[in-house]
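In UniProt numbering, the protein residues as written are 1 to 112.
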């Protein structure tokens with residue numbers, strides 16, 4: 001008899017999807033913040049060339065708001081783990097911790 005249920009290897013691969021996406025979504029805001037903070041000349045020039053047409057405060061707002069989607073993805077992945085639809089609690093926790101730290105670091109960058 002054939003069943004429509006996926007086999008265990010397919011099922012276990014899909015259970016790590018949301019937590020891994022949550023961790024990977026932390027990388028773009030982290031790289032953006034590191035570019036701003038380190039003063040990497042190519043990245044800074046590119047960012048400020050793009051932002052020269054917008055108000056100055058908008059860059060500060062975007063720097064603070066960038067880590068929020070990874071934070072929401074981390075919360076969603078923990079919710080999926082709690083509902084037993086996903087595994088990888090460490091990925092979800094890592095995403096939330098990294099997002100909160102990024103929000104703190106970005107806010108400190110703007111305040112200084």
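Just so it is clear, CB atoms sit at the ideal spot from N, CA and C, and this is done for glycine as well.
Note that this is a predicted model, so its numbers are computed, not measured.
Can you give me the Cβ contacts of residue i inside the same chain, cut-off strictly under 7 Å, excluding the 5 residues immediately before and after it?
i          : result
residue 69 : 25
residue 87 : 15, 16, 81
Taking C-alpha atoms, which residue in the options lies nearest to residue i?
i          : options           : result
residue 19 : 103, 95, 105, 108 : 95
residue 23 : 35, 97, 103       : 97
residue 31 : 61, 55, 58, 66    : 66
residue 62 : 100, 21, 53, 33   : 33
Excluding the 5 residues flanking residue i on each side, which residues of the same chain have their C-beta closer than 8 Å to its C-beta?
i           : result
residue 107 : 64
residue 85  : 15
Kindly give me the distance between the Cβ atoms of residue i and residue j, rounded to whole angstroms, as I take these residues to be in contact under 8 Å.
i           : j          : result
residue 102 : residue 55 : Not quite, the Cβ-Cβ distance comes to about 23 Å (not below 8 Å), so this is no contact.
Spatial neighbours of residue i within its chain, please: C-beta separation below 6 Å, excluding the five flanking residues on both sides.
i          : result
residue 78 : 92
Legend entry - Three-pair Cβ contact test at 8 Å for the region 65 to 74 versus the region 84 to 100: A contact exists between the region 65 to 74 and the region 84 to 100.
Inset, instruction - Please list the segments of the alpha helix (DSSP H) lying wholly inside the region 49 to 104, counting only runs of 4 or more residues, in order along the chain. - result: The qualifying runs are 56 to 65, 68 to 82.
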